[in-house]
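Undergrad:
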Amino acid sequence: MSGDRGPPAHRPALDGADPDTVRTAIETGEPLPGTGGFAGVVDGRLVRDALGRRPLYVERDDRSSWAFDPGTRSDPVPVPAGTVTPLGAFPADTPDGDARFWTLPDPEPNGDDGGALRAVREAVLDRTRAVGVRSDTAGDPADVAVAFSGGVDSAVVAAGVPDAPCYVAGFEGCHDVAAAREAAAAMDRDLRVVELTHDDLRETIPDLVAAIGRTNPMDLSIALPLYLVGERAAADGFDRLALGQGADELFGGYAKVEKAPADPRVDADTVRGARREVLTTIPNQIDRDVVALRAAGVDPVTPLLHDDVVSAALELPGHLLVDDGQRKVALRAAARDVVPESVRTADKKAVQYGTYVSRELDRLARRAGFKRRMENHVERYVRELVGDGPVRPPGDEAGGSGSGD
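Numbering (our numbering), first residue to last: 318 to 722.
Quick look at the structure:
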């Protein structure tokens, strides 16, 4: 440890927003002040936005030592979403309720379906089109690529930046590559396929574990294809990667939300309540995905997690989240005439399954002698690959924990 208290001098102390915007949000208590998320230090206060869309960590034994990158701290602890607290006082000297200054709004559903859908469409299209311009370079075109799986989320993002190349990763014959090829052809887009092999997994896992500090198979199966897409995009000269991240959480993309309250994985007794539950998993996902992509050499851009989109989504009634077996009703409606109908209505597998990464990681573990009858056989294989070094447990947040999905 070098004894530093934050990022190097050439790095900003606040990531994702300007200090005046955050100061105003603190003064007014506004949890969604018109940003894509922020984290860092403002006026001696440690801050992280209400949804936790930017990573932020403190050293477990020195709470004045903070960082955006967990790898720069010997024992980093994620700062919970919504935090505003004096630097160094969290959490040991500050009650958790005081530290969590912002909470996500819980508005009544908009009773005007047409108005609710228009608000979502306007926000989604405005924010995806903004991906093509860098706010930090006075309107210069962005060096941006798109992570593309062929589903409506990534297709809407891609539509906002029509000249950006699209990238997909997966093993031969997997769903995501096939779906991405069909969607890219329908949209007349440049698609670049990162074909995965067992060697890619074996060689990448140690670096990825070192970056994100996790060895559990679910997190790795999600982060691996993202990391490898990010590496390829960076090698091709792009410094930003646009993602459809957040769409499932905001717009009702999970089966457990659709099936609420019957699904035992949620406590809520309504679809909107279940949606709110899954939104609490975003900080834990951000601490995995953003860190992984930055380690791969690109900065993620997540237009569907911008405050404007979040605000519109939170006002949706339950039937505009899921209805008659269809999920993400409002988002699909917003995508009408923006992406081809075959893409707008397509179903999508979770990335760990759609890329075959989860399946092939299990296969590698079994070939290495870690049989399924053994408890945590895949994670034991991963730990062998990385030398069984110390890792940070997922969701080990200062003052709270994220559940993941």
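Where a beta carbon is used, it is the ideal one built from N, C-alpha and C, also for glycine.
Is it a yes or a no for the stretch 391-410 touching the stretch 626-635, going by three-plus beta-carbon pairs under 8 angstroms?
TA: Taking 8 angstroms as the limit for Cβ pairs, the verdict is that the stretch 626-635 does not touch the stretch 391-410.
Undergrad: Expressed to the nearest angstrom, what Euclidean distance is found between the alpha-carbon atoms of residue 494 and residue 487?
TA: Straight-line Cα distance between these residues: approximately 6 angstroms.
Undergrad: Should the stretch 651-664 be called in touch with the stretch 462-472, which here means at least 3 C-beta pairs below 8 angstroms?
TA: The stretch 651-664, when compared against the stretch 462-472, does touch it at the 8 angstroms Cβ threshold.
Undergrad: Using 8 angstroms for Cβ pairs, my map puts residue 559 next to residue 464. What's the rounded Cβ distance?
TA: With a Cβ gap of about 7 angstroms, residue 559 and residue 464 count as contacting.
Undergrad: Compute the Euclidean distance between the alpha carbons of residue 349 and residue 633, then round it to the nearest angstrom.
TA: Going by the C-alpha atoms only, they are around 16 angstroms apart.
Undergrad: Among 368, 403, 388 and 365, which residue has its Cα nearest to the Cα of residue 381?
TA: Considering only alpha carbons, the answer is 403.
Undergrad: Counting Cβ pairs, one atom from each stretch, are 3 or more of them under 8 angstroms apart for the stretch 533-551 and the stretch 667-682?
TA: Touching, per the Cβ criterion.
Undergrad: Cβ atoms of residue 462 and residue 484: under 8 angstroms apart, would you say?
TA: Yes, these two residues count as a Cβ contact at 8 angstroms.
Undergrad: Mind checking who residue 402 pairs with in its DSSP beta bridge?
TA: According to DSSP, which records beta bridges pairwise, residue 402 is partnered with 363.
Undergrad: By Cβ distance below 8 angstroms, which residues in the same chain neighbour residue 454 in space, the five residues on each side in sequence not counted?
TA: Below a pLDDT of 50, predicted positions are generally treated as unreliable, and residue 454, at 47, falls in that range; no measurement from the model is reported.
Undergrad: Per DSSP, what kind of secondary structure is residue 604 in: helix, strand or coil?
TA: Reduced to three states, the DSSP call for residue 604 is helix.
Undergrad: Under 8 angstroms, do residue 513 and residue 544 count as touching if we go by C-beta distance?
TA: Their beta carbons are not under 8 angstroms apart, which means residue 513 does not touch residue 544 by this criterion.
Undergrad: Count the C-beta pairs between the stretch 343-358 and the stretch 423-438 that are closer than 8 angstroms, then say yes if the count reaches three, no if not.
TA: Verdict: no, contact absent.
Undergrad: According to DSSP, is residue 457 helix, strand or coil?
TA: Confidence at residue 457 is low in this model, with a pLDDT of 45, below 50, so its placement is unreliable and the value that follows should be read with caution. Note: residue 457 maps to coil in three-state DSSP.
Undergrad: For a quick check, are the C-beta atoms of residue 510 and residue 557 less than 8 angstroms apart?
TA: Result no, Cβ atoms of residue 510 and residue 557 do not sit closer than 8 angstroms.
Undergrad: Need the endpoints of the alpha helix (DSSP H) that residue 291 sits in, please.
TA: Residue 291 is absent from the structure shown; the chain starts at 318 and stops at 722.
Undergrad: Taking Cβ to Cβ, would you say residue 357 is nearer than 8 angstroms to residue 398?
TA: No, these two residues do not count as a Cβ contact at 8 angstroms.
Undergrad: Tell me the rounded alpha-carbon separation between residue 691 and residue 336.
TA: So the alpha carbons of these two residues sit roughly 51 angstroms apart.
Undergrad: Taking Cβ positions, are residue 376 and residue 533 nearer each other than 8 angstroms?
TA: No.
Undergrad: According to DSSP, is residue 644 helix, strand or coil?
TA: Reduced to three states, the DSSP call for residue 644 is strand.
Undergrad: Can you tell me the Cα-Cα spacing of residue 456 and residue 531, whole angstroms?
TA: For residue 456, the predicted structure reports a pLDDT of 42, less than 50, and the residue's modelled location is therefore unreliable. The matter cannot be settled from this model.
Undergrad: I'd like the list of long-range same chain contacts for residue 640, defined as Cβ closer than 6 angstroms, with 5 residues on each side in sequence excluded.
TA: Cβ neighbours of residue 640 beyond the five flanking positions: 646.
Undergrad: Would you please state the rounded distance, in angstroms, between the beta carbons of residue 572 and residue 586? I believe it to be under 8 angstroms.
TA: With 8 angstroms as the limit, residue 572 and residue 586 do not qualify as a contact, their Cβ atoms being about 17 angstroms apart.
Undergrad: Let's see if you can read the secondary structure: which residues bound the beta strand (DSSP E) around residue 508?
TA: 508-512 is the span of the beta strand (DSSP E), which, as asked, contains residue 508.
Undergrad: Taking 8 angstroms as the threshold (C-beta atoms), are residue 622 and residue 568 in contact?
TA: Their beta carbons are not under 8 angstroms apart, which means residue 568 does not touch residue 622 by this criterion.
Undergrad: For residue 704 and residue 600, I'd like the C-alpha separation in whole angstroms.
TA: One C-alpha to the other measures close to 28 angstroms.
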